[in-house]
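Visitor: Using the numbering used here, read the first sequence as starting at 2 and increasing by one per residue.
Glycine is no exception: its CB is placed at the ideal position from the N, C-alpha and C atoms.
Note that the coordinates shown come from a computational prediction; the quantities given were computed from them, not determined experimentally.
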Amino acid sequence: MPELPEVETTRRGIEPHVVGRSVARVIVRNAHLRWRVPDKLKKELPGQVIQSASRRGKYLLLVTHAGTVILHLGMSGSLRVAPCDQPADKHDHVDIALDNGDCLRLRDPRRFGAVLWTRDDPLTHKLLKDLGPEPLGPDFNGAYLFHTSRKRKRAVRDFLLDGHVVAGVGNIYANESLFLAGIRPSRAAGRLTQTQCEALVRTIRQTLNRAIKAGGTTLRDFRQASGQPGYFQLSLHVYGREGEPCPTCGTPIRARRQGQRTAFFCPKCQL
DNA sequence: AATCGCGCCTGACGGC
DNA sequence: TGCCGTCAGGCGCGAT
2 MPELPEVETT
12 RRGIEPHVVG
22 RSVARVIVRN
32 AHLRWRVPDK
42 LKKELPGQVI
52 QSASRRGKYL
62 LLVTHAGTVI
72 LHLGMSGSLR
82 VAPCDQPADK
92 HDHVDIALDN
102 GDCLRLRDPR
112 RFGAVLWTRD
122 DPLTHKLLKD
132 LGPEPLGPDF
142 NGAYLFHTSR
152 KRKRAVRDFL
162 LDGHVVAGVG
172 NIYANESLFL
182 AGIRPSRAAG
192 RLTQTQCEAL
202 VRTIRQTLNR
212 AIKAGGTTLR
222 DFRQASGQPG
232 YFQLSLHVYG
242 REGEPCPTCG
252 TPIRARRQGQ
262 RTAFFCPKCQ
272 L
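Printed below as a string of structure tokens:
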């Protein structure tokens with residue numbers, strides 16, 4: 002599912018329901034997610050007050066005084082706030098029950114997601130410490146992208162998917178941003194000009210911000226915390242639109258397998 | 001150091 | 001209707 006805009010949409014959805022609440026208990030129906038849900042979560046989280054709900058890349062962080070819950074939605078995960086007595090779906094694997102009868106409920110059919118617990122500063126956690134800058138933050142700019150991409154031979158689409166380069170840009174938004182910047186997904190990252198890097202940073206930020214505003218992209222199973230789908234799929238220019246006319250020039254959009262993921266582009270507008 | 005391919009899972013969809 | 005192959009928004013890991 003979820004790329005950065007979907008995770009941010011989720012964060013904003015759950016924040017008012019969880020911050021300031023204390024955790025009553027943790028219910029793990031299936032601990033077999035990407036990594037086993039740690040036993041310590043059940044031991045150490047109950048009784049703690051959730052101080053904040055933040056995000057780093059595609060990771061969600063629930064901070065308490067005793068430690069931090071690190072959540073990842075993988076490909077098919079979603080979080081919602083529901084009354085605890087509402088029956089769980091077969092893919093509702095973890096509940097964090099709150100002191101008011103609500104619970105934060107993780108649904109994840111493919112189980113590529115994760116629920117972890119750390120007592121240390123989460124930013125030093127193995128999974129987070131080497132992440133690149135936040136794409137919507139000040140450290141992600143044209144100069145950074147230009148500098149980082151020098152001598153890199155990877156296709157720029159693949160380069161953007163690498164969390165060490167920039168955190169949270171997935172296949173949908175990489176393709177969309179490259180379209181708006183007029184750059185082919187297959188272009189070697191190291192061959193981008195400074196001007197192109199600046200344009201690309203602008204289109205990435207613009208695309209992510211617009212997607213957040215639309216509540217994310219729902220292609221299959223993404224849901225906001227409220228249960229509502231996102232609407233950004235209606236604004237996609239190239240992603241999933243093979244054969245449809247380019248919104249700029251009318252040339253049919255092409256799809257090609259690039260590495261493990263499909264790239265979409267207009268053969269005329271993107272060089 | 002950088003890059004590539006694999007594998008973890010379920011479910012939806014299209015072709016036959 | 002059903003079976004089968006293909007594909008999917010992520011990402012860490014080991015091999016090269």
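Report, in whole angstroms, the separation of the C-beta atoms of G217 and P6, which I expect to be a contact under 8 angstroms.
Guide: Right, the Cβ-Cβ distance comes to about 5 angstroms (below 8 angstroms), so this counts as a contact.
Visitor: When DSSP builds the beta bridges, which residues end up paired with W118?
Guide: W118 pairs with V70.
Visitor: Give me the Cβ distance between D93 and R112, rounded to the nearest whole Å; I'm assuming they're in contact under 8 angstroms.
Guide: Actually they do not touch by this definition, with Cβ atoms about 12 angstroms apart.
Visitor: Are the Cβ atoms of H165 and L132 separated by less than 9 angstroms?
Guide: For H165 and L132, yes; Cβs fall inside 9 angstroms.
Visitor: With three or more C-beta pairs closer than 8 angstroms as the rule, is the region 116 to 125 touching the region 146 to 159?
Guide: These segments do not touch.
Visitor: For the alpha helix (DSSP H) that contains L179, what are its first and last residues?
Guide: Start and end: 172 to 182.
Visitor: Identify every run of the alpha helix (DSSP H) within the region 32 to 70, keeping only runs that are complete inside it and at least 4 residues long; order them along the chain.
Guide: Complete alpha helix (DSSP H) runs here, min 4: 40 to 45.
Visitor: Please work out which residues of its chain come closer than 7 angstroms, Cβ to Cβ, to L162, disregarding the five sequence neighbours upstream and downstream, and give them in chain order.
Guide: Taken in chain order, the residues that qualify are V170, G171, N172, A175.
Visitor: Tell me the DSSP bridge mates of A98?
Guide: Answer by DSSP bridge pairing, in chain order: R26, C104.
Visitor: Pull the bridge partners of V283 from the DSSP assignment, please.
Guide: In this structure the chain extends from 2 to 272, so residue 283 is not present and cannot be described.
Visitor: Can you have a look at D140 and say buried or exposed, based on whether 16 or more other CB atoms are within 10 angstroms of its CB?
Guide: Exposed, because fewer than 16 other Cβ atoms sit within 10 Å of the Cβ of D140.
Visitor: The alpha helix (DSSP H) spanning R211 covers which residue range?
Guide: Segment 195 to 214, the alpha helix (DSSP H) holding R211.
Visitor: The beta strand (DSSP E) that contains T263, what's its start and end?
Guide: Start and end: 262 to 266.
Visitor: So the candidates are P39, K269, D100, T263; which of them puts its Cα closest to the Cα of I184?
Guide: Ranking P39, K269, D100, T263 by Cα distance to I184 puts K269 first.
Visitor: Let me know the secondary structure DSSP gives R255 once reduced to three states.
Guide: Reduced to three states, the DSSP call for R255 is strand.
Visitor: Since P246 sits in a beta bridge, which residues does DSSP pair it with?
Guide: DSSP, once it has assigned bridges, lists P253 as partnering P246.
Visitor: With a threshold of 6 angstroms on Cβ separation, who are the neighbours of E243 within its own chain once the five nearest residues in sequence on each side are excluded?
Guide: The residues are I254, A256.
Visitor: Are the beta-carbon atoms belonging to Q259 and R158 less than 9 angstroms from one another?
Guide: Yes; because the gap between Cβ atoms is below 9 angstroms, this pair is in contact.
Visitor: What do you get for Q195, buried or exposed, if any count of 16 or more other CB atoms within 10 angstroms of its CB means buried?
Guide: Q195 is exposed by the Cβ-count criterion.
Visitor: Provide the residue span of the alpha helix (DSSP H) that contains Y145, from first to last.
Guide: 143 to 150 is the span of the alpha helix (DSSP H), which, as asked, contains Y145.
Visitor: What are the boundary residues of the alpha helix (DSSP H) that includes V19?
Guide: Counting along the chain, the alpha helix (DSSP H) containing V19 begins and ends at 5 to 19.
Visitor: Among residues of its own chain, excluding the 5 on either side of S1, which ones have a beta-carbon nearer than 8 angstroms to its beta-carbon?
Guide: No answer is possible for residue 1: the residues shown for the chain start at 2 and end at 272.
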